[in-house]
Structure formats: structure tokens, C-alpha cells
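Number of protein chains: 2
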Amino acid sequence: MPSYKAPIRDISFVLKELYGLEVLQKLKGGSEITDDLIDAILTEVGRFCENVLFPLNQTGDKEGCRYENGEVRTPKGFKEAYNSIVESGWASLSCETEWGGQGLPHTLNTVAEEMICAANIAFGLYPGLTRGAYALLSRHGSEELKKKFLPNMVKGKWSGTMCLTEAHCGTDLGMLRTKAVPDGAGAYKISGTKIFISSGEHDLTENILHFVIARAEGAPAGIKGISLFLVPKFIVKGDGSLGERNNVQCASIEHKMGIKGSATAVMNFDGAEGYLVGELNEGVNKMFTMMNLERLSVGNQGQGVADIAYQNALSYAKERLQGRALTGVKFPDKAADPIIVHPDVRRMLLTMKTYIESNRMLALWVAMEVDKSERSEDPEVRQIADDLVHLMTPIVKAFLTDVGFDMTNIALQVFGGHGYIQEHGMEQFVRDSRITQIYEGTNGIQALDLMGRKMPAHFGRYLRAFFHPVQQFIEGHQNTPELAEFMPLLAKAFGRLQQVTATIAQKGMSNPNEIGAAATDYLHLFAHVAVAYLWARAVLVAMPKVNSTESAFYQGKIDTARFFYQKLLPKTSSLFASIMAGSETLMKFKDESFGPF
Amino acid sequence: MPSYKAPIRDISFVLKELYGLEVLQKLKGGSEITDDLIDAILTEVGRFCENVLFPLNQTGDKEGCRYENGEVRTPKGFKEAYNSIVESGWASLSCETEWGGQGLPHTLNTVAEEMICAANIAFGLYPGLTRGAYALLSRHGSEELKKKFLPNMVKGKWSGTMCLTEAHCGTDLGMLRTKAVPDGAGAYKISGTKIFISSGEHDLTENILHFVIARAEGAPAGIKGISLFLVPKFIVKGDGSLGERNNVQCASIEHKMGIKGSATAVMNFDGAEGYLVGELNEGVNKMFTMMNLERLSVGNQGQGVADIAYQNALSYAKERLQGRALTGVKFPDKAADPIIVHPDVRRMLLTMKTYIESNRMLALWVAMEVDKSERSEDPEVRQIADDLVHLMTPIVKAFLTDVGFDMTNIALQVFGGHGYIQEHGMEQFVRDSRITQIYEGTNGIQALDLMGRKMPAHFGRYLRAFFHPVQQFIEGHQNTPELAEFMPLLAKAFGRLQQVTATIAQKGMSNPNEIGAAATDYLHLFAHVAVAYLWARAVLVAMPKVNSTESAFYQGKIDTARFFYQKLLPKTSSLFASIMAGSETLMKFKDESFGPF
């Protein structure tokens, strides 16, 4: 049986010590954000995740969801846990007070989400998608729709879904076939089949609100003819009570590699009543409001699962007795030394710890920028924060999930054969984590978004939101003695990033394949540089506290930074070389030479 | 539904064109090894894998093995397939003719095994372990035991297992507790519990022969007090017929992440009758005969699963229509372009193709050296070949499985969301492949074996079996025009390998943690250099044939080599940097600083 401990101390370090609550306090409504409030939320959400969600993780995987006659039964205990999360308000922390939410910063949502997904990612998808749907409707819906639907979404009585994918189109939404025909009474009749719909059908809420993209009659072909509709499972009457069943049915659920407690549905819309959200033919842009938040969420999911996997690998490495330290017996009174004495096991543990703490810094940095972009009083601050969020969203999504998945595999490896059997729960983390590299846009698409869209946007303006502070930091700390061992390495890695950015941006103008070929390596190179910058900042925070009572924590921060710089940051050199080699070997390779031979 | 095509053409390239059959023909009994024989075997084994084993792969995963009252039922169809593989002789290609085998080179076994494991790795374990057990008994057993057991093993009537692991000891076999007490009649009574026993119980054969390591009464503690015993499920009577049931019982089977068609058993020995194999207290050395062959096998398993995963990703990439090429529409008559036009998809496909073909060259190189080490008439040739096999065994095991697993994940990624659902079979490849990084010694142990044992052995003699031919090749081809773009890169990577070898060997003398800390990176660096060397050789073979009727194949070889050199070989630079950073960050890191926080 695995275990879970909410990473309160480290989250608190990042929020309060590294970035500082004042970042949030300065924003609109920020006066509420006190130290005590943050502590209370972290502690309570952590406890809830440890005690309520986590015990359902393995059983939920084993039992999975059951489909019968259009209905879906979630695993035992999910309903009670759902009621409990709704009552506690953890699922609506950042929803506006106007609609019954707590109006707290997005950042708090992010920390809650990491813990929820660590404890039970399959469960976490149910409230998670509702949060995305809430954001979509609250920003783009008419007042009428908002009044009718938002309060019950915040209360958790009604849940939300995103219905994008069809069997023949995932990435390429321009091909979608689902149709919308005006019903003459202000609404539309929606017809078509959507697949891979998370939470498309389940028994947790009394109503399910599907946010469906479809092509209205007579709309242009391609991506510019797509509109967004809200299609409730049950029609909501004028008085807010539930009316008749809408013509939307769950045809089946998928048998998946993991997240088995989450129902992934095939949904048939057969002239179902739907309400236009936003303007006609502007559905894709609207959907991206939700999608971008979801992408940050998915990064966080990968992070959460990696963290719980690490925790279990760590405790196994401390307990499992096997072999003796290479430099001589460490625990003569035991039958063997715990495997944490072995350098290769330490390498695995430190790789996990380092990336997980790296990624937490990255995720919360961007989360706070989301809050700044939405709530700062200063339009310039809002703008720069928004630019940074645009730039970093694909990085958070893809890097946290690529790395997150790798970390679950390292954690499994620490267990040896015991990791491969279901009992210890390690293989479930691997299976659950794997989806995060795929959904809400595969990581290849994220990389293309970063390099093809975000890099050139507004003549590089988004990039400046990152390059500028890093450049300033490097210049400002060239002679900071505490950072002497780090700064030359940071400057070198940053130089590599600048050089590939300039090179590929230029080459890409005449040959877009240069961008496509470099994109994935570029995203990883970028992320490593970003993380190196954050570790240098973390060292500055930790250094004065190494002799405090929390010496293990703070000295650990510095030593972890050192491990990152010495052992992981060198990856930037091979990524640099691979990117600079260009696209030719890829693009000139003949299709018939791929085989199979 | 996935598909499988045996990679006959590429295997044939490696065997016949790259290395040449004359390598095998020169060996004892090599006159039989004709072109036609090889073709016939490749074709027939390939067909068998495609038509008999592969159709049982997905159903076997779904159904799994069933345990009931000490008996294990394998999935539907396994029994018939097993009978069929036994009748065809594919499972005993390399067993000696003296015992009824075909006496063919180990190399042929290796190619058969790659295909068998690609088609159905879970099934492949049943005959695979018998082959290892056969090797063990045929080399170390008494004449009496050999006569009694080997013929029926070769016939496939009786199968074999390796019983090493106990709940508290896997890597550290010195801790094992299973006991052997002389029964006064020349045999022993074996008592203890073994776990993770592949094929420990099943319904495919009439008898199961367990090769069990145990501590004989009064034996020294630790690894030097371990002996090897043959414990049959049914006692074999003097006339060779089956007698009474031995006191060995399957207590349960594991629920695993993958290879669900393979029964992984907990075995209870309760005073079971066992026969000593080899000398008392020399069991671990004996077991390593089997283990080393098994390690090469496991590398091959990782390779096989990667290959089938690649094939399916490739055909999906050619069929799936999504988006348009970045440089303009490629297939205007289709609703969208096939995703193979996208640079990032090509990157994924080429990465898979390149590593898979790399690893096939590596595996077959070492396989042929195994044959040379066993069958050459020249003792010096035997010695050098044996040295190379010792050196490369951990590399084949760990590199082919680390890379193999990564390739299954890339293949899944090409499918997007469709890769995550069970239907397409891609997620099964990931789950099945994952065990190969663990069993027969985790890949961390392989790395330690390479650096801690093989590197320093006989003052570096094993290393010379690799360094010498590579050095010669580099010197001999400095001015070969066909290799102009490759040789400087090969020389550079080789230089890095030499430098880290010298550095760590020296540092390791005073501080063995330096070896432990570098080992995994070193193994990967070593493998990349070895593969670079083999690609350069492959280019020399392919270059004169690029204008033949098989231009797609040969030009593809050269372009694949180019991709390897430009995009994958640069990894050696970051591995080099990480290794040279030493062990300090790992070893000085305080245990209490690992958290969890």
C-alpha cells in the first residue's frame, strides 16, 4: 500500500519565501490573503487529500467505472468524496464570490490541484473539468446563461465537460462534423458524436453541462466556422429546476491504460438542445480560455502524481535492506544497508526530488502570473504577466508532464520487481500519469505552440517577459558570492537558449519545418533554463537560513540546486546540439525509407 | 487492433551484409549455416510469430493467467501455441544435437527471440526460461541429471524456471533463507519461499523443473554459501516416467502491470526433493551462466516490443489525417495530410527507427560474439569474444530495455489519445516492456556490473575487446570519403568515452562511490558510442547499394545513420558532463534533506 503526505512545507516555501505572498496581496481583493489563511487552506486541503481522496486511489483504479445502459457508475466512495469536496469548498476556491465561490487567487487553486491530483488524479478530473467549464461560461456566457448555470456549478451540484474531439479529429479541430441547427426559439439542435469526453457521464452530480464545439448551419469550413454551445444533460427550467432529459447519451466508456476511476465517454448528441456561448463562429477562441487553464492544470496533474510516486520511492529506499554501501557497512546492526546508501539509488531519488521541486517553482510562478494578469490594478503589470502566462503555458503543460511521467518510472524502478506488481501502487502512478502527456493537446502540440505561436508573437514580446527578468538577474548577480558556483552555468545555458531562439526564429521565416523540427527539444531546453533561474533565486532565499532549526530543509534546497546545476542542466548542451543540427535529416528522409523492413 | 510484420529484411541486413555469415560459418559446425538455411529460418519463424503468437498477444493480456488451488491456467490459445512452437523446433534451435536440439548458433536463437517477444513477450517467457534452464543444466549438471532431464526440456515436454528472489532479497542474494538439507539418499530437502518466479506454475507442460538457489545446512553465510538445486514439480522415476508430486506448491500469482499472460508465481518449497547441480556452495556462479544468457535475452525482449510498437506507430502516422504540412498542403485530395508530414511526428518515428535498428546491430554483434566465444577453433578468438560478451552483456540488457521502453512510449504518443485506450494495443506494449528494465537484475545493477566489475576486470582486458577495434576503425577510416561527415563525430564521442573511463577508473580506486554515481550515465554513453561505431560500419555496407532496386532501404540506412549522428549522438555531451561532475552532490546530500517536506 502506498502512502501520501501533502507537501505543505515545500509549497509554503515557494509561495511565501521564494515569491512572497505580497505578490498576491497587492492584487485586487488581496487583503484577504493572509499568512494564516494560506496555512489553513494548505493544511486543510492537504488533510482532505491524505484522508479522503488518497484512500480511494487504488480501489478506484481496481474497480474502475462501470457502464450500463447509458449510465456510468463511478467507483465506490467517489460519490461521498465528491460531496465532501463540494461541501468543503476546495473545488471552488477561485470561483467568483458573485456566483457563490470564494474569490481566492488562482494560485491557491493550483496548490489545491497539485495535492488533489497527487492523491487521486482520476477523481480530480471531475471537479477539475467543472472548474474549467466554469471559467469558460463566466467569461464568455450571456448574463442569462451565467445566472442560470454558474451558481449550481460552483455548488458542485452540476458538473461540466469539454466536448471537442471526434473520432477523426483531435488536434485538427477544423475537421469537426458535429452540427448545430437553430431551433427557431433562440436555441440550437446539436447533432454529432464526440469521443474521449472526461466526466461525460457519471453519477456524482444531478446535471452535467457539456460545452460542445460544433459547426452551425452555413458556417465557413475549417476552424473559423466553429461555435461553442452549452448542452445540459437535463434541460433546466425557467425556475432553475431540472426538466426533461436532453437528447444527449453516453454510448460507451473507454477501457484505458490508467485513470480508470475517471469516466472517458463517447457522447452522442442527437438534436440535443444547446445554447450558444459567445459569438457565432468564435467557438475555438472561447474554448481556448478553458483549454489554457486546463493545460496549466494538466501540468499540475503530472506534477502531483510524480510527487506521490517520489514519496513512496523515498520511503521504500529508506526501508528496503539490500546490499552494503560501496564504501563499507553503514548499518552493522541490520542484515543489510537500506538501499538509500547506494549512489545509483540516490541518483534516482535526487533526480525526482529535484525535478519535482523545480516544477513546483515553475507551476506556482506561472500561477501567480495568472493572478497578476487578472487582478493587478496596473495595466502594464497585467500585460507583462499575461505575456508570460501565454509563453509559459505550453512549457508548464508539456515539461511537467514529460518529466512527471519519467519520474513515476524512476520511482517504480526504485522498487525493483515490487514496483511492477499492483500491490505497491507504483505501476498505477505510471499508468495514470501517462495520459497527461497527451490530453489537452499532446506535448508535441505544446512544443509547436511555444515555438510556432508564442515565440514569434508580437515580434517576440512574450519572449521578453521571460528573457528580460532572467537577463537582469544574471547581470545583477554576477558578483554575488552565494551564487558563484551557479551563475556561470546559468549564463551559459541562457546563452544557449538565446542562440537557438535567434537561429531558429530566423531559419523558421523561410522554412517553417525548422520550427517544427526543433520544437520539442526547444521546449525542454527552455524549461531547463527557466528552472535554473528559479533555483538560483531559491538558493538566495535558502542560504541565510541554513543554520536555522530547519537546516535539513534549507541546506537541502541548496544541495538540490547544486544537483540540478551539475547533473541535470548539462542536458541543455545536447538539446542545443540537436536543435542546431536543423530539420534536414528529418524532412529529407524518404517516407518509403521508414520501413517496416 | 495492432499488427506485426517480422523484420526479416533488416535482420538479414545485419546478419548477412553487415557482419556476414562467414563469421558463423568459420565456427565449429558452421558448414551448415547457409544462406538458404538462414532465409528459411527467418521466414518460418517470422511467419509463426505473425500468425500464431501475435494473435494471442492482446487476448492474453486481457484474459491473463488464472490461479485456482495451486494450479495456473494460461490464457486461451497459449497451450496450442506452445505445442506448435515445440513441434516446429523454434524453441530449441541452439540446443545441442546430443540432447535432441538443432545445434544451431546462439545468434539464430537471438533473432528468433526478438520476433517471438515482439509478437508476444508474455508467451515468449515460457520457452525462453526453459532455454536458460537448459543452458544451466547442460553446462553444470552431472551426466545423470543431464540424461534424465535435458531431452524432455529440448522436446518442450518439461519447462524450466529460475528460483532466486525471496521477499526480502532480490539483488542481494547473500541474504537468502531457503534451506537445503541432505536427505541421506544423495538428494536434498529444499524448504523456503521464492517470489517473482516466471513460469513457476502453468498448464503448458507436464513437468516443471525449478532451478533453485538455497543454502545447504552448515554452509557459510552470504553469497559464498549458496548452492544450486534442481527441484522438479513431479519426481522423475528411474525409467524417465513421472512419479509423485514433489512438495513444491504455487501459493499465488502476482497481479502485474503487464506481461499478464506470463504467470509470475510465489513458490513454496516444503521439504521438496532437489538435486545438487554443480558443486556445493558454488550455486551463484552457476546461476550466472543462466543469468548472463537471460540478460541478453531480456535486452532482446525490450528490442522486440519496441519494434512492434514502432511498426504500429508508423502505420498510424501514414494513415491518420490531421492538419496540413507546415510548408503547404501535401495531399490536396484528402481532408487533411497524414501526420507523417509533420516534423515532430517524423522526429518521433525516426528516433524509434534509429534506436531499434541500432539496437538490433548491437544485439546481433554480441550474439555472434557469444557463438565465437563458444565455437571458435582458435582459443585467442574465443578469449577476445568472451571478453567482449562479458563487457557488453550489461549494455545489451540495460540499453536495449531503457531505450526499448522509451520507444514504446514514443509510439503510444504518436497515437495521441487513441494510444491511451486499450483497443489499439499501444498501451499494452508500454506495460509489457516496463518489466524488462527490472528483471534479471535492474538496469542500475547492470550499470554497476559494467563499471564496477567489467571495466576493471583483468586490468581493463574486457574493455580492450571494445576499445581496440573501435580505435582501429577510426584510424583506418580517417580519410574514407564516404564517412567524412561521421568520423569526426565518432572520434569525438569515442574520446569522451575514453576520458570518462580513465577518469572514473582512477577516481574509483580511492572512492568507489564515484563508480556507483557514474554508472548509469556511463552505460548510456558507452552504448551510444558503440552504436555510432556500428552505424559507421553500416554506412560503408549500404553506400555502394544506394542505387540498387532496394534504394529506399539502403538510402534509408545512410539517412538513419545521419539522424543518429546529428540528433541522438549529441546526448554523449550531456552524459559526459554529468559523469565528470562526480559523486559529491549525491553522496554528501543529507538523508534527512530528501524530505518529504
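These protein sequence lines map, in sequence, to chains H and Z.
Just so we're aligned, residue 730 is where the first sequence starts under this note's numbering, counting upward by one.
Just so we're aligned, residue 730 is where the second sequence starts under this note's numbering, counting upward by one.
Just so it is clear, CB atoms sit at the ideal spot from N, CA and C, and this is done for glycine as well.
If you're wondering where the values come from, they're calculated on a predicted model, not measured in any experiment.
Item to complete: Spatial neighbours of residue 944(Z) within its chain, please: CB distance less than 8 Å, with the 5 preceding and 5 following residues excluded, ordered by chain position.
Response: 905, 906, 907, 908, 909, 954, 955, 956
Worksheet item: What is the rounded straight-line gap between the Cα of residue 820(Z) and the Cα of residue 1072(H)?
Response: 40 Å
Item to complete: Please check the pair residue 802(H) and residue 932(H), which I expect to be a contact at CB under 8 Å, by giving their CB distance rounded to whole angstroms.
Response: 6 Å
Discussion item. According to DSSP, is residue 1266(H) part of a helix, a strand, or is it coil?
Written reply: helix
Discussion item. For the stretch 915–938 of chain H, list every residue whose C-beta sits within 9 Å of some C-beta in chain Z, in sequence order.
Written reply: 924, 925
Worksheet item: Are the C-beta of residue 871(H) and some C-beta of chain Z separated by less than 9 Å?
Response: no
Worksheet item: How about residue 1167(Z) and residue 1146(H): do their beta carbons lie closer than 9 Å?
Response: yes
Worksheet item: What's the C-alpha gap between residue 867(H) and residue 879(H)?
Response: 7 Å
Practice prompt. Taking residue 1306(H) as the query, report the chain Z residues whose CB atoms sit under 8 Å from its CB, ordered along the chain.
Written response: 1299, 1302
Practice prompt. Output the distance between the C-alpha atoms of residue 721(Z) and residue 1028(Z), rounded to the nearest integer angstrom.
Written response: No answer is possible for residue 721(Z): it lies beyond the span of chain Z, which begins at 730 and ends at 1326.
Practice prompt. With distances taken Cα to Cα, identify the nearest neighbour of residue 967(H) among 1037(H), 1021(H), 874(H).
Written response: 874(H)
Practice prompt. Can you have a look at residue 730(Z) and say buried or exposed, based on whether 16 or more other CB atoms are within 10 angstroms of its CB?
Written response: exposed
Discussion item. Taking the straight line between their C-alpha atoms, what separation do you get for residue 934(Z) and residue 1085(H)?
Written reply: 48 Å
Practice prompt. Keeping to the same chain, check which residues put their C-beta closer than 6 Å to that of residue 870(Z); ignore five residues upstream and five downstream.
Written response: 1006
Worksheet item: Should residue 938(Z) and residue 962(Z) be called a contact, given that it needs their Cβ atoms to be closer than 9 Å?
Response: yes
Worksheet item: Does the stretch 1144–1159 of chain H come within contact of the stretch 782–799 of chain H, defined as at least 3 CB pairs closer than 8 Å?
Response: yes
Worksheet item: Any idea if residue 1217(Z) is buried or exposed, counting beta-carbon neighbours within 10 angstroms, 16 or more meaning buried?
Response: exposed
Discussion item. Taking a contact to mean a Cβ-Cβ separation below 9 Å, would you say residue 1022(H) touches residue 860(H) in this structure?
Written reply: yes
Worksheet item: Who are the neighbours of residue 1245(Z) on chain H, taking C-beta pairs under 7 Å?
Response: 1055, 1071, 1072, 1073
Discussion item. Which same chain residues end up closer than 6 Å to residue 830(Z) when comparing Cβ atoms and leaving out the 5 residues on each side of it in sequence?
Written reply: 821, 824, 883
Worksheet item: How close, in whole Å, do the beta carbons of residue 864(Z) and residue 1019(Z) come, if the pair is a contact with beta carbons under 8 Å?
Response: 6 Å
Worksheet item: Taking 9 Å as the CB-CB limit, is residue 905(H) close to chain Z?
Response: no
Item to complete: Anything in the stretch 964–994 of chain Z with a Cβ closer than 7 Å to a Cβ of chain H? List those residues in chain order, please.
Response: 983, 984, 985, 986
Fill in: Within chain Z, partners of residue 1320(H) - CB distance below 7 Å
1069
Worksheet item: Are there 16 or more other CB atoms within 10 angstroms of the CB of residue 1247(Z), so buried, or fewer, so exposed?
Response: buried
Worksheet item: Whose CA, out of 1319(Z), 1054(Z), 1079(Z), 1045(Z), lies closest to the CA of residue 1323(H)?
Response: 1079(Z)
Worksheet item: For residue 1053(Z), which residues of its own chain have a beta-carbon under 6 Å away from its beta-carbon, when the five flanking residues on both sides are left out?
Response: 1066
Worksheet item: Smallest Cα separation from residue 1232(H): which of 1185(H), 1204(H), 1263(H)?
Response: 1185(H)
Worksheet item: Rounded to whole angstroms, how far is the Cβ of residue 1295(H) from the Cβ of residue 1176(Z), which I believe are closer than 8 Å?
Response: Contact flag wrong, Cβ pair sits at about 19 Å.
Fill in: Pair within 9 Å by beta-carbon distance, residue 1260(H) and residue 1286(H)
no
Worksheet item: When the Cα of residue 890(H) is compared with those of 915(H), 921(H), 857(H), which residue comes out closest?
Response: 857(H)
Item to complete: Would you mind reading off the limits of the beta strand (DSSP E) that contains residue 1328(H)?
Response: Within the shown structure, residues of chain H are numbered from 730 to 1326, placing residue 1328(H) beyond reach of any answer.
Worksheet item: Hey, does residue 1326(Z) have any beta-carbon neighbour from chain H nearer than 9 Å?
Response: yes
Worksheet item: Would residue 1238(Z) be called buried (16 or more neighbouring beta carbons within 10 Å of its own) or exposed?
Response: exposed
Item to complete: Please look up how many angstroms separate the CB atoms of residue 758(Z) and residue 832(Z), rounded, as I've assumed it's under 8 Å.
Response: 6 Å
Discussion item. With three or more C-beta pairs closer than 8 Å as the rule, is the stretch 767–775 of chain H touching the stretch 1120–1139 of chain H?
Written reply: no
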